[in-house]
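> Quick note, the sequence shown lines up with residues 1 to 394 if you use full-length UniProt numbering.
Before we start, here is the structure in question, set down as structure tokens.
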Amino acid sequence: MNYNADEKGYYGEFGGAFIPEMLYPNVEELRANYLKIMYEDSFQEEFNQLLKDYVGRPSPLYFAKRLSEKHGCKIYLKREDLNHTGAHKINNTIGQILMAQKLGKTRIIAETGAGQHGVATATVCALMGLECIVYMGEIDIARQAPNVARMKMLGAEVRPAKSGSRTLKDATNEAIRDWINNPVDTHYIIGSAIGPHPYPDMVTRFQSVISEEIKWQLKEKEGRENPDYVVACIGGGSNAAGTYYHFLHEPEVGIIAVEAAGKGVNSGESAATSALGKVGIIHGCKTMLMQTPDGQITEPYSISAGLDYPGVGPMHSHLYKTGRAEFYSATDDEAMAAGLELTQLEGIIPAIETGHAFAIFAHKKFKKDDVVVISLSGRGDKDLNTYIDYFKLA
Numbered sequence: 001m002n003y004n005a006d007e008k009g010y011y012g013e014f015g016g017a018f019i020p021e022m023l024y025p026n027v028e029e030l031r032a033n034y035l036k037i038m039y040e041d042s043f044q045e046e047f048n049q050l051l052k053d054y055v056g057r058p059s060p061l062y063f064a065k066r067l068s069e070k071h072g073c074k075i076y077l078k079r080e081d082l083n084h085t086g087a088h089k090i091n092n093t094i095g096q097i098l099m100a101q102k103l104g105k106t107r108i109i110a111e112t113g114a115g116q117h118g119v120a121t122a123t124v125c126a127l128m129g130l131e132c133i134v135y136m137g138e139i140d141i142a143r144q145a146p147n148v149a150r151m152k153m154l155g156a157e158v159r160p161a162k163s164g165s166r167t168l169k170d171a172t173n174e175a176i177r178d179w180i181n182n183p184v185d186t187h188y189i190i191g192s193a194i195g196p197h198p199y200p201d202m203v204t205r206f207q208s209v210i211s212e213e214i215k216w217q218l219k220e221k222e223g224r225e226n227p228d229y230v231v232a233c234i235g236g237g238s239n240a241a242g243t244y245y246h247f248l249h250e251p252e253v254g255i256i257a258v259e260a261a262g263k264g265v266n267s268g269e270s271a272a273t274s275a276l277g278k279v280g281i282i283h284g285c286k287t288m289l290m291q292t293p294d295g296q297i298t299e300p301y302s303i304s305a306g307l308d309y310p311g312v313g314p315m316h317s318h319l320y321k322t323g324r325a326e327f328y329s330a331t332d333d334e335a336m337a338a339g340l341e342l343t344q345l346e347g348i349i350p351a352i353e354t355g356h357a358f359a360i361f362a363h364k365k366f367k368k369d370d371v372v373v374i375s376l377s378g379r380g381d382k383d384l385n386t387y388i389d390y391f392k393l394a
């Protein structure tokens with residue numbers, strides 16, 4: 001079984017490029033060139049240098065002693081929260097800004113939910129001196145105010161998406177409309193492992209530095225490259241894709257994805273695509289998607305802006321459909337409790353998205369000798385207001 005994209009951008013039955021004709025030249029230009037550019041020596045040299053000196057990689061693999069004692073297994077945290085800008089998103093935006101420059105693009109657009117991808121995009125645009133427009137749902141602008149301020153400070157224009165649920169899905173819709181209207185000079189930096197081919201594969205390859213580092217770091221700490229399990233939260237799924245990448249074809253490594261169940265999988269306020277979704281097309285690819293019986297997209301809900309999305313990337317749909325990955329759904333309450341537990345046991349405040357990954361311990365029991373690596377994909381600074389309101393900390 002192959003878990004990577006084929007040359008047409010399919011993971012099994014999922015993926016592809018379902019796009020309006022006006023976008024075909026943009027997407028085809030990228031598809032025809034992305035692998036060739038990405039693996040040029042000069043590109044790799046600049047990419048890796050920026051990851052080292054600007055992002056601060058490698059990110060540590062930290063043994064969480066007190067959390068391990070609490071849950072009866074060996075828990076390692078891949079500290080993506082320590083990257084410049086506070087999350088894994090910067091790995092991809094560094095790669096894509098270099099790609100845009102190679103293709104001669106002068107204007108950058110992006111979508112964002114939690115704001116971390118927006119900040120990472122605005123950051124690399126400031127670094128390279130390119131125009132930056134970030135689309136963000138009106139609701140997310142309100143609940144992620146610190147990140148909105150950071151984007152504006154970095155010189156980006158933040159444009160609100162005021163339609164639909166006014167969250168990530170709608171921000172993506174607006175970004176795609178912009179791209180259709182500006183096909184020549186604009187590159188769309190998609191932040192997750194979603195969208196038309198080659199985006200899911202390209203984003204996954206840029207994020208695969210996460211699992212690449214885990215292998216040699218675990219070898220240093222445990223004398224072996226492969227953990228028993230890798231765990232990540234999943235919305236569109238870029239942190240998960242990067243965390244899983246080098247383990248996809250290692251059958252002894254269990255792959256675990258934790259989605260946002262919101263107020264409960266069957267509450268009508270959820271983003272648990274594996275439990276609620278069926279095959280559909282969203283934002284240019286065929287994937288698992290929450291939808292009504294007549295094919296209209298169901299509005300998702302999660303307390304975490306970054307997981308508030310009605311689908312998952314096509315790679316993750318394939319992992320779910322083939323049974324290669326175990327999918328779990330964590331409620332708002334479980335994710336918030338897991339985030340607080342990590343904070344009080346290890347002194348690390350996680351993003352609420354990441355809190356969902358730590359909620360795995362409410363759903364699955366691990367063995368004493370199991371080595372479990374969790375992607376700590378973002379830090380909680382951006383979510384302090386939500387934590388304050390939820391736990392009444394003020």
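Each residue gets a CB set at the ideal place from its N, CA and C atoms; glycine is no exception.
Because the structure is a prediction, the values reported are computed rather than measured.
Could you check which residue in I19, Y3, D6, F14 has the C-alpha nearest to that of H283?
Against the sequence shown, residue 283 aligns to sequence position 283. Considering only alpha carbons, the answer is I19.
> State the start and end residues of the unbroken beta strand (DSSP E) segment that holds L61.
By one-based count along the sequence shown, residue 61 stands at place 61. From DSSP, the beta strand (DSSP E) with L61 extends over 61-63.
> Going by other Cβ atoms of all chains shown within 10 Å of its Cβ, with 16 needed for buried, is T292 buried or exposed?
In the sequence shown, the residue the question calls residue 292 occupies position 292. Flag for T292 reads exposed.
> In chain order, what are the residue ranges of uninterrupted beta strand (DSSP E) at least 3 long that sit wholly in the segment 218-280?
229-233, 254-262
> Could you check if F247 is buried or exposed, using at least 16 other CB atoms within 10 Å of its CB as the buried criterion?
The residue you call residue 247 lines up with position 247 of the sequence shown. With 16 or more Cβ atoms within 10 Å of its Cβ, F247 is classed as buried.
> DSSP state of Y390, grouped into three classes?
Numbered from its first residue, the sequence shown carries residue 390 at position 390. Y390 falls in the helix class under three-state DSSP.
> Applying the criterion that 16 or more other CB atoms from any shown protein chain within 10 Å of the CB defines a buried residue, is Y76 buried or exposed?
Working through the sequence shown from its first residue, we reach residue 76 at position 76. Buried, by the Cβ-count rule.
> Beta-carbon within less than 6 Å of N26's beta-carbon, same chain only, minus the 5 sequence neighbours each way: which residues are those?
Translated into the one-based positions of the sequence shown, residue 26 becomes position 26. Taken in chain order, the residues that qualify are P183.
> Residues in its own chain within less than 7 Å of K70 by CB, not counting five upstream and five downstream?
Looking up residue 70 in the sequence shown gives position 70. Once the five neighbours on either side are set aside, the close Cβ partners of K70 are L345.
> Taking DSSP as the reference, what is the three-state secondary structure of G306?
As a working mapping, residue 306 is identified with position 306 in the sequence shown. DSSP places G306 in helix when its eight states are reduced to three.
> Between the alpha carbons of H88 and N239, how many angstroms are there, rounded?
Translated into positions along the sequence shown, residue 88 becomes position 88. Translated into positions along the sequence shown, residue 239 becomes position 239. If you take the alpha carbons of H88 and N239, they lie about 6 Å apart.
> Could you spell out the range, first to last residue, of the beta strand (DSSP E) harbouring M336?
What you label residue 336 is simply residue 336 of the sequence shown in a count that begins at 1. M336: not part of any beta strand (DSSP E); member of the alpha helix (DSSP H) spanning 332-346, first to last residue.
> Provide the residue span of the alpha helix (DSSP H) that contains T121, from first to last.
Residue numbering aside, residue 121 sits at position 121 when the sequence shown is read from its first letter. T121 -> alpha helix (DSSP H) spans 116-128.
> T186 lies in the beta strand (DSSP E); which residues open and close that run?
Within the sequence shown, residue 186 is the residue found at index 186, counting from 1. That run of the beta strand (DSSP E) goes 186-189.
> Whole angstroms are fine: how far does the CA of A362 sit from the CA of T343?
Within the sequence shown, the letter at position 343 stands for residue 343. Within the sequence shown, the letter at position 362 stands for residue 362. Distance between the alpha carbons of T343 and A362: 17 Å.
> So I133 packs on A156, CB below 8 Å; how close in whole Å?
The residue given as residue 133 occupies position 133 in the sequence shown. The residue given as residue 156 occupies position 156 in the sequence shown. I133 to A156, Cβ: 7 Å. Contact.
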